[in-house]
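Data first, discussion second: the structure below is written as structure tokens.
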Amino acid sequence: MRHLAKLPDGLLRLPVAHRALHDVAEGRPENSRAAIRAAISAGYAIEIDLQLTADGQAMVFHDYDLKRLTGDTGPLRQRTAAELSRISLAGGDGEGIPSFSEVLDLVAGQVPLLVEIKDQDGAMGPDVGPLEAAAARALKAYDGPLALMSFNPHSMAEMARLVPDVPRGLVTSAYDAAHWPLSAATCDNLREIPDFDRVEAAFISHEAADLARPRVRALHGEGVPVLCWTIRSPEAEAEARKLADNITFEGYLADIPG
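Mapping the sequence shown onto UniProt numbering, position 33 (from 1) lands on 33, and the numbers just tick up by one.
So this is what it looks like as structure tokens:
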């Protein structure tokens with residue numbers, strides 16, 4: 001019998017705001033406190049990303065390098081949490097990069113959180129652990145609806161060990177080798193989602209354009225919740241919902257079911 005921490009109902013019912021409800025035209029950079037507050041106010045679930053600092057802290061930030069999202073440059077992993085807190089997010093009101101603990105305090109269970117742990121190995125391999133440990137420490141006192149996920153199955157295997165009662169899933173993809181900095185063999189392996197049972201996953205979040213893949217349909221047929229990424233229009237949402245249980249969206253305001 002698989003140990004299975006169940007995906008919170010809110011992550012099946014509420015559309016999930018990708019990197020929170022970001023819109024730089026409105027002063028809300030992705031993964032910012034402002035974007036998180038806006039998502040809470042609108043009643044959406046929230047997806048965020050975690051990266052690791054030089055001093056072993058989990059920060060809410062998508063990229064490995066600072067250049068695209070701030071006025072600074074260089075790998076985030078080479079900066080301390082204190083340094084990152086002072087680096088302003090581009091397009092915002094001057095706020096720095098938030099820590100995972102700060103975001104958990106801000107959300108405080110008001111809406112569900114979907115937390116992606118970014119691959120730290122560089123090739124979806126087993127060189128993981130410090131970011132997972134930092135995330136687990138931050139989660140110790142959190143009791144709101146939340147699930148963890150990663151493209152790297154080794155990350156979720158580690159979270160199964162550290163926080164077995166927190167639901168976890170795999171972010172999955174068509175893994176077109178032309179678009180991934182991975183070997184063709186790695187892409188071929190990950191494409192078939194071979195680690196689903198090993199990591200005791202409760203769900204997958206799959207690339208929207210690839211939802212018809214037989215392996216995805218088979219999992220769904222077995223009752224596995226299928227989320228998808230990333231939806232950018234109501235029309236794309238309508239198509240995705242034919243095959244997925246919920247969406248991760250950005251660039252428009254998804255309808256919340258009544």
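In this text, a Cβ means the ideal position worked out from N, Cα and C, and glycines have one as well.
Next on the checklist: In chain order, what are the residue ranges of uninterrupted beta strand (DSSP E) at least 3 long that sit wholly in the stretch 164-248?
Outcome noted: 168-172, 203-207, 226-231
Next on the checklist: Suppose you measure from the CA of Leu227 to the CA of Ala82; what does that come to, to the nearest Å?
Outcome noted: 34 Å
Next on the checklist: Give me the residue from Lys242, Asp245, Val16, Ile36 with the minimum Cα distance to Gly92.
Outcome noted: Ile36
Next on the checklist: At the level of alpha carbons, what is the spacing between Pro145 and Thr70?
Outcome noted: 30 Å
Next on the checklist: Once DSSP output is grouped into helix, strand and coil, what is the label at Arg28?
Outcome noted: strand
Next on the checklist: Below 8 Å, how does it come out for the stretch 130-148 and the stretch 96-110: are there three or more Cβ pairs, yes or no?
Outcome noted: yes
Item to check | CB of Gly74 within 8 Å of CB of Asp65, strictly | outcome: yes
Next on the checklist: Can you tell me whether Lys67 is buried or exposed? The criterion is at least 16 other CB atoms within 10 Å of its CB, across all chains shown.
Outcome noted: exposed
Item to check | Rounded separation between Arg217 and Ala174 - CA only | outcome: 13 Å
Checklist entry - For the putative contact between Ala54 and Arg86, defined by C-beta atoms under 8 Å, what is the C-beta separation to the nearest angstrom? => result Rounded, the Cβ-Cβ distance is 14 Å, inconsistent with contact.
Checklist entry - Do you know whose CA, among Ala147, Gly96, Val111, Met156, lies nearest Asp121's CA? => result Met156
Next on the checklist: Can you give me the C-alpha to C-alpha distance between residue 259 and Lys6, rounded to a whole angstrom?
Outcome noted: Residue 259 cannot be examined here, being either before or after the span of the chain that is shown, 1 to 258.
Checklist entry - Pairing CB atoms from the stretch 204-213 with CB atoms from the stretch 242-258, are three or more of them under 8 Å? => result yes
Next on the checklist: Is it buried or exposed, His18, if we count other Cβ atoms within 10 angstroms and call 16 or more buried?
Outcome noted: buried
Item to check | 7 Å Cβ shell around Leu162 - same chain, five flanking residues per side excluded | outcome: Glu132, Ala133, Ala136
Next on the checklist: Tell me the residue span of the beta strand (DSSP E) that contains Ala141.
Outcome noted: Taken as a continuous stretch (DSSP letters only), Ala141 belongs to no beta strand (DSSP E), as it is neither H nor E.
Checklist entry - Which partner residues of Gly96 appear in the DSSP bridge assignment? => result Ser88
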